[in-house]
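No gaps in the numbering here: position 168 of the sequence shown is 168 in full-length UniProt numbering, and each next residue is one more. Here a beta-carbon is modelled for each residue, glycine too, at the ideal position from N, C-alpha and C.
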Amino acid sequence: MATPIVTVDERNVVNLRKSADIAHSNLNIPASSLALALCSSCMIMLASGTAYLFSLYGPQLSTKLNLNQSETAFIAICGNTGIFISGPLMGSLVDKYRSRPQLLVLAGGCIIASGYISVAAIYNGYIPQPHFLIMAFIFLCIGVGSAACYHSALAVNYRIWPAQHRGFAVGVNVGFFGLSAFVFANMSNIFQKIKHKEKSVLDVGAYLEAVGIICLLLSIFGAATMITREEFEAPSVEIDSSSYTTRFYSAARENDSSPNQTAVSLLVSAETHLSETTPLLRRCRRQDSCDHALVDAGLQPIADPDNLMEDIEEEVSSSSSTPQIHSPAEFEIEDISCFVFADTYLLATVMLLLIGVCLMYYNNVGAVILSLSPMDQDSSHPDVHWAQRIHVIVLSLFSFGSRISVGLAADYSYRYLSVPRAAWLLFSSLMGAAASVTLILATTLDQVMIASVFFGISFGGIWTIMPVLIGEYFGFKRFGQNWGWMTVMPAFGGPIFSTLFVLSWGRACSVSVLY
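Structural data, given as C-alpha cells:
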C-alpha cells in the first residue's frame with residue numbers, strides 16, 4: 001500500500017511552526033542549566049576522544065609487545081572502527097533511555113577506563129601478553145565506550161538547547177571531541193622518563209593508567225551534572241483522541257493487512273521559502289523537525305485536514321481552563337526511519353566521500369611530507385619530524401576552530417540572514433574540494449600547509465553541520481539513532497580512500513625508482 005501524503009495550506013504550516021516555537025519556549029530552561037549541560041557534555045567529549053591517541057604510544061607499544069606493522073595497524077583500526085560501527089546501537093540506546101542517559105555515560109566511561117588500564121597492565125607485565133587479536137578487541141571496546149559517551153553527550157545537548165542555538169551547542173561538543181587528542185597528547189609531557197642518560201621517552205604504562213583514570217573521572221562528573229530535556233517538560237493534559245480519530249482519520253485496515261503495511265505521513269507541500277527545514281531533494285516540503293506529524297499505523301486522513309489546528313484549539317479551550325496542548329514537537333515520527341527519505345542517502349554519500357577523503361589525509365599526511373622533503377632526509381630526520389608535528393597541530397586547531405565557528409555562523413546566518421543551514425554543508429564540501437585540488441598540485445611543503453588548513457576546516461565543519469541537519473530534517477526524538485547510522489559512513493570511507501592512496505603511493509614510488 002502506498003503511503004498517503006496529506007498536504008496543508010500555508011496558513012496551517014505557519015500555525016504548526018508557531019506551535020513548535022511555543023513548545024520550545026515553554027520548557028523554560030534557565031541559561032545556567034544550559035551552560036551546565038554544555039560544560040558536562042564537553043567533559044564527556046574529552047573522555048570520548050581519547051581513541052585517537054594511539055599514534056602517540058603505538059610505536060612503543062608495538063616494540064614492547066613485539067608486534068609487526070600489520071598487527072599494530074590492525075589494532076589501531078579496531079579502536080577507530082569501534083567508534084563508528086557502534087554508532088547505531090549507541091544512538092538507539094540514547095533515544096530509548098533519553099531520560100536516563102547518565103547510565104550510558106557511566107558505562108562508557110568504565111569501558112574506556114578498563115580498556116586503558118588493561119593495556120597498561122599488559123605493557124608493564126602485570127598480565128601475560130595475550131594474542132594480538134585480544135589487544136585488538138580491547139581497543140575495539142575502548143572505541144565502543146567512546147561512542148557511548150559521544151552519542152549520549154551530543155544527543156542530550158541537541159535536545160535541550162533551543163533550535164536557534166543548536167549549531168553552537170553541537171559545534172562546541174564536537175569541538176571538544178576533536179580537542180581531546182590535543183589535550184591528552186600535551187599531558188604526555190608529564191610522563192616522560194629518562195633513558196640512556198640523555199634521551200627521554202614516554203612511560204607508556206603510567207600514561208595509559210592516568211588516561212584511563214581521568215576518563216573515568218570525567219565521565220562521572222559529566223553524568224552527575226548532566227541535564228535532560230525531560231526534567232523541564234511539564235506534564236501535558238491528554239486530549240481525548242477518539243473524536244479526532246473519527247474526524248481526521250478513517251479506518252483503512254483490510255483483513256490481510258498489518259499495522260506495518262499502513263502508515264500516515266503528514267508532509268508539507270506548500271510553496272514556502274527555502275529554509276533549513278526544506279529537504280535537499282524538494283519533491284515535497286517537510287515541516288521543521290519539531291513539527292512531525294503523529295504517525296498512526298493503519299489510519300488514513302480524510303479529505304478535510306485544513307482546519308486541524310483550529311479544531312484542536314477549540315477542543316482544548318472547551319475541555320480545560322488551563323490546558324497543555326500537545327505541541328507538534330511531541331508528535332515526532334517514531335515508527336518510520338529517516339531512511340525512507342531520499343535526503344538521507346544524499347547526506348550519507350556526502351559523509352562517505354568528504355569524511356573519507358579527510359581521514360585519508362589525516363592518516364597519511366606524514367607520508368606526503370616525507371615525499372616532498374629533500375632526498376637526504378628520512379623519517380627520523382629532525383626537520384621531517386618537526387614538519388609532521390606542525391601539520392598535525394594545524395589540522396587539530398583548524399578543525400577545532402571550524403567546528404565552533406561553523407556552528408555559530410550557521411545559527412547566525414539562519415536567524416538573521418535566512419540562509420539555510422545546509423549552505424554550510426556546501427561550504428564544508430567546497431573546502432574539502434579545494435584541499436584535494438591543492439594537495440594534488442602541491443610541489444612544496446608550503447603548498448601542503450595550505451591543503452592542511454583547508455582539510456582542517458572541512459573536517460571540522462562537516463562534523464558540526466551534519467548532525468545539526470540530521471536533527472532538523474528528521475526530528476530530535478530519533479536523533480541518536482539517525483545520527484548513529486550516519487557515523488557508520490567514515491568506517492567505510494576512510495579505508496576506501498586510504499587504500500586508494502596506498503595504491504597511488506606505491507605506483508608513484510615505482511615510477512620514481514625507474515627514473
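- Just measuring C-alpha positions, the residue of Ser55, Ile75, Asn364 sitting nearest leucine 503 is Asn364.
- Residues Val453, Gly456, Ile457 of the same chain have their beta carbon placed closer than 6 angstroms to that of phenylalanine 398, with the five preceding and five following residues left out of the count.
- Leucine 208 sits away from alanine 76, with the two beta carbons spaced by 8 angstroms or more.
- Counted as a single uninterrupted DSSP element, the alpha helix (DSSP H) harbouring tryptophan 424 occupies residues 422-441.
- When the beta-carbon positions are compared, alanine 206 and glutamine 102 stay at least 8 angstroms from each other.
- Between the stretch 45-62 and the stretch 459-472, the count of Cβ pairs shorter than 8 angstroms is below three; the stretches do not touch.
- For aspartate 203, no alpha helix (DSSP H) segment is defined, and its DSSP state is neither H nor E.
- In this structure, the CA atom of proline 88 is about 11 angstroms from the CA atom of methionine 489.
- Sequence-distant Cβ neighbours of isoleucine 220 in its own chain, meaning closer than 8 angstroms and more than five residues away, are Leu106, Gly109.
- Under the 8 angstroms Cβ criterion, the stretch 468-480 counts as touching the stretch 89-100, having at least three qualifying pairs.
- Burial state of tryptophan 483 is buried, judged by a 10 Å Cβ sphere holding 16 or more other Cβ atoms.
- In the DSSP annotation of this structure, the continuous segment of the alpha helix (DSSP H) that includes proline 101 starts and ends at 101-124.
- Taking the C-beta atoms as reference points, arginine 389 is found no nearer than 8 angstroms to tryptophan 463.
- Between the stretch 31-40 and the stretch 159-172 there are three or more inter-stretch CB-CB distances shorter than 8 angstroms, so the stretches are counted as touching.
- Listed in chain order, the alpha helix (DSSP H) runs fully inside the stretch 132-188 are 132-160, 166-187, counting runs of at least 4 residues.
- Pairing glycine 143 with glycine 212 gives a Cβ-Cβ distance that is not under 8 angstroms.
- Bridge partners of lysine 193 according to DSSP: Val201.
- Classified as exposed, arginine 100 has fewer than 16 neighbouring CB atoms from the shown chains inside 10 Å of its CB.
- Annotation: methionine 226 is outside any alpha helix (DSSP H) and is labelled neither H nor E by DSSP.
- Shown here, tyrosine 97 sits in coil according to DSSP, grouped into three states, outside any helix or strand.
- Only buried fits asparagine 173, as 16 or more other CB atoms lie within 10 angstroms of its CB.
- Take serine 118, set aside five residues on each side of it, and the residues of its chain with a beta-carbon closer than 6 angstroms to its own are Ile138, in chain order.
- Non-local beta-carbon contacts of threonine 444 in its own chain, meaning distances under 7 angstroms to residues more than five positions away in sequence, involve Leu372 in chain order.
- An exposed status is given to serine 32, since fewer than 16 other beta-carbon atoms sit within 10 Å of its beta-carbon.
- The criterion of a C-beta distance shorter than 8 angstroms is satisfied by threonine 72 and serine 62.
- By a beta-carbon distance limit of 8 angstroms, phenylalanine 400 contacts glycine 175. Their separation comes to about 5 angstroms.
- Look at leucine 53 here: in three-state DSSP terms it is helix.
- Sequence-distant Cβ neighbours of isoleucine 112 in its own chain, meaning closer than 8 angstroms and more than five residues away, are Ala47, Ser48, Thr50, Ile142, Gly145, Ser146, Cys149, Gly212, Cys215, Leu216, Ser219.
- Put simply, the backbone Cα of isoleucine 227 is about 20 angstroms away from that of valine 468.
- DSSP, read as helix, strand or coil, puts glycine 212 in helix.
- The three-state secondary structure of glutamine 447, taken from DSSP, is helix.
- Going by C-alpha positions, glycine 178 is about 31 angstroms away from glutamine 377.
- Following the DSSP letters along the chain, one finds cysteine 338 in no alpha helix (DSSP H), marked with neither H nor E.
- Your pair valine 357 and glycine 432 checks out as a contact, with CB atoms roughly 6 angstroms apart and the cut at 8 angstroms.
- Minimum Cα-Cα distance from histidine 391 among the listed residues Ala451, Trp424, Gly493 corresponds to Ala451.
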